[in-house]
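If you read the sequence shown in full-length UniProt numbering, its first letter stands for residue 1, the second for the next number, and so on.
Cβ atoms here follow ideal geometry from the backbone N, Cα and C, with glycine treated the same way.
Because the structure is a prediction, the values reported are computed rather than measured.
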Amino acid sequence: MVQLVGSLRKELADSISTCKILVVGAGGIGCELLKNLVLTGFKNIEVIDLDTIDVSNLNRQFLFQKKHVGKSKAQVAKESALQFCPSANITAYHDSIMNPDYNVEFFRKFMLVMNALDNRAARNHVNRMCLAADIPLIESGTAGYLGQVTVIKKGMTECYECQPKPAQKTFPGCTIRNTPSEPIHCIVWAKYLFNQLFGEEDADQEVSPDTADPEAAFLNSLFWFLWGYFLITAARATASDKDGDIKRVSTKEWARSTGYDPVKLFNKLFKDDIMYLLTMDKLWKKRKAPTPLDWHQLENTHDTCLKDQQVLDVWGYCQLFQHSVETLRSQLQEKGEGAELVWDKDDPPAMDFVTAAANLRMHIFSMSMKSRFDVKSMAGNIIPAIATTNAVIAGLIVLEGLKILSGELESCRTIFLNKCPNLRKKLLVPCVLDPPSANCYVCASKPEVTVKLNVHKTMVLTLQDKIVKERFGMVAPDVQIEDGKGTILISSEEGETEANNSKFLSDFGIRNGSRLQADDFLQDYTLLINVLHVEDLERDVEFEVVGEAPDKAPPPQTNQEEVNSITNGNKDSAQPSTSSKGSPHIQVKFLLFFCNYIYMYFDTSSYKRLSSASDVEPQADRSVLNKLVVVEGFSCSGLDDTSKFPGKKTAKPTC
């Protein structure tokens, strides 16, 4: 199989064997991609991934085995891929691609970059680095049975940030369990915890570190290993069978054995489990370590009344946790032996439990806590990652890469993988690449945005963390005021402008119409920010970005209902209703008949490409196909691991 290059023309075969490829991510797609690359004949590959292997990865990330749990994904993926082709030259980095060491010069040494990531921040960063280095990027993503591959080339195609993205809804299970970095990770963990304690147990929704995890082999000392093992075994009850073998007891069984004692649950989840995570020292070499909480060391200082917009202190959430556990325990007892509860965001005790547990975990992992309202709006489900979807997408990545190496960039496509065949009975739907957006604040010739805020209420720290870093994706920004003096507001040099953080923008003379220049040296990226001062924003809104490219209008819909689905790499499905009048089935049949009529009698000149080898859907008929797709209940809309589907309007046009 390694001799695939022998079936290709000599020029392409030479390019394959000599070019340097960067693979970002060694997870579900990354494993399949590495295998495909070495079997195709690529010899010079560099792969980077910060994560370590978790037990939950083993069912789909086939380069990993049980003995590898706890080790670097990038390093093990390299070793496994070399077994397919020992002559390949693969370099592995157990690191974050956002590390300043991987600057523009680092990217320029590659002929092609292939993304196999699972989070938006890293995607944004790689997108900007490839634009700065002028290197083609192949972006990809999967969500259950859905997937997408697209090609990004500076000046020729849309970049990853040309279209606004919906809020991310799905996240890797190992991130949720061990290394949460965003509030949504903690919210999903809290929902898992609810099911583990009160609902239907799911092995894929485990919330505690595994005492049998081989990552313990990497502990600094035997002492810490034994201490970590003691904490977990002491916290989770065990039983012996007649032969004296130890049996592990589930979280629910242990909770029942304690009578759902809130204090014991609290100390197990937020102290003992966290202390065990700390023994996995390799996880915290490049991350901030979590801080355990102890119920008995916290002081009662505030009321437990939880209003929707209120953010409590830590002890307030401790008491809310206690109260919600007691209420849910009573509900279980009323239902009788063997009963289970179902989480519902409109059930106050269930919502209180998730709010309290999520915020306590946010505090442990040094995140800003969220109000009950925010938790309720962010709470979402997790989509299960599917190995076959990853395999299909990885294969498409390599095919698009071969087109680029052949100098046929114009023949590259955005390809969508659907769960069900479309009206042409195709699962794979190629679409022509869109040109760059003139309004993109990343790849436009002069990136510029307008931000609406109150200069008297917005602090410099908010500008730095929530606007420049979080909203606009900069890693190490420098921000100066265009006031003729070049006043430096934010510096990437640690501590240089820290004194400014607690000051308001108006303290520096910033007012309506002021202009700020934000630079990120690492990303080789400059953004001009126009300040639009407003006295009153919507409640709980700190700022608003205006002047971006408008979302493309969705097909008319009325009385739309959302139906959520569970996932593990991404989320969401929605089945829109067709109308509030008449029979939906009659309307569907009429729409299908009408569209078939259009296909039969409309001038077919614009559809000639449909019968060609590339089988590309022309851009001209996307609006018609969009209606068909929505009615059929699935969408080939531009999706990454953050997209809404099916039938929901997404950032990219529906094919």
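Output yes or no for whether 8 Å exceeds the beta carbon distance between residue i and residue j.
i	j	result
residue 96	residue 50	yes
residue 20	residue 44	yes
residue 28	residue 175	no
residue 84	residue 38	yes
residue 392	residue 353	no
residue 543	residue 490	no
residue 477	residue 469	yes
residue 360	residue 265	no
residue 474	residue 518	yes
residue 207	residue 177	yes
residue 63	residue 31	yes
residue 124	residue 160	yes
residue 74	residue 116	no
residue 131	residue 420	no
residue 48	residue 76	no
residue 412	residue 433	yes
residue 24	residue 126	yes
residue 12	residue 406	yes
residue 355	residue 329	no
Might you give, ordered along the chain, the residues of its own chain that have their beta carbon closer than 7 Å to the beta carbon of residue i, omitting 5 neighbours on each side?
i	result
residue 397	33, 114, 138, 140, 149
residue 153	136, 409
residue 134	154
residue 250	201
residue 91	46
residue 510	455, 481, 531
residue 357	190, 193, 321
residue 103	522
At which residues does the beta strand (DSSP E) containing residue i begin and terminate?
i	result
residue 543	543-546
residue 330	Counting along the chain, residue 330 falls outside any beta strand (DSSP E), though it belongs to the alpha helix (DSSP H) covering 314-335.
residue 160	First-last for residue 160: undefined, no H or E at that position.
residue 488	488-490
residue 21	20-24
residue 140	137-143
residue 515	515-520
Give every residue of the same chain whose Cβ lies closer than 6 Å to the Cβ of residue i, excluding the five residues on either side of it in the sequence, and list them in chain order.
i	result
residue 362	183, 186, 369
residue 180	186, 365
residue 506	455, 456
The alpha helix (DSSP H) with residue i in it runs from where to where?
i	result
residue 106	104-108
residue 192	183-197
residue 45	No alpha helix (DSSP H) holds residue 45; the beta strand (DSSP E) holding it covers 44-48.
residue 34	28-40
residue 352	348-364
Cutting at 8 Å between CB atoms, please list the residues of its own chain near residue i, excluding the five before and the five after it.
i	result
residue 597	Note that residue 597 scores 41 on pLDDT, short of 50, meaning its location in the model is unreliable; the coordinates nonetheless yield the value given after this. Contacts found: none.
residue 515	481, 482, 528, 529, 530, 531
residue 534	452, 453, 454
residue 386	60, 142, 144, 145
residue 89	43, 44, 45
Buried or exposed for residue i, going by 16 or more other Cβ atoms inside 10 Å?
i	result
residue 18	exposed
residue 244	Here residue 244 scores only 44 on pLDDT, less than 50, and its place in the model should not be relied on; the value that follows carries that caveat. That one is exposed.
residue 366	exposed
residue 72	buried
residue 600	Residue placement at residue 600 is flagged as unreliable, the pLDDT there being 42, under the threshold of 50; the coordinate-derived value follows with that caveat. Flag for residue 600 reads exposed.
residue 197	buried
residue 56	buried
residue 379	buried
residue 68	buried
residue 425	exposed
residue 285	exposed
residue 296	exposed
residue 493	exposed
residue 503	exposed
residue 15	buried
residue 349	buried
residue 147	buried
residue 291	exposed
residue 400	buried
residue 616	Low confidence applies here, because residue 616 scores a pLDDT of 37, under 50, leaving its location unreliable and the question unanswered by this model.
residue 262	buried
residue 436	buried
residue 423	exposed
residue 388	exposed
Could you check whether the Cβ of residue i sits closer than 7 Å to any heavy atom belonging to the ligand SAM?
i	result
residue 408	Summarising the ligand content, the structure contains no ligands, and the ligand SAM is consequently not present.
Q.
Assess contact between the region 495-504 and the region 451-469, defined as three or more Cβ pairs (one per stretch) separated by less than 8 Å. Is contact present?
A. yes
Q | Any 3 or more C-beta pairs closer than 8 Å across the region 438-454 and the region 523-533 | A | yes
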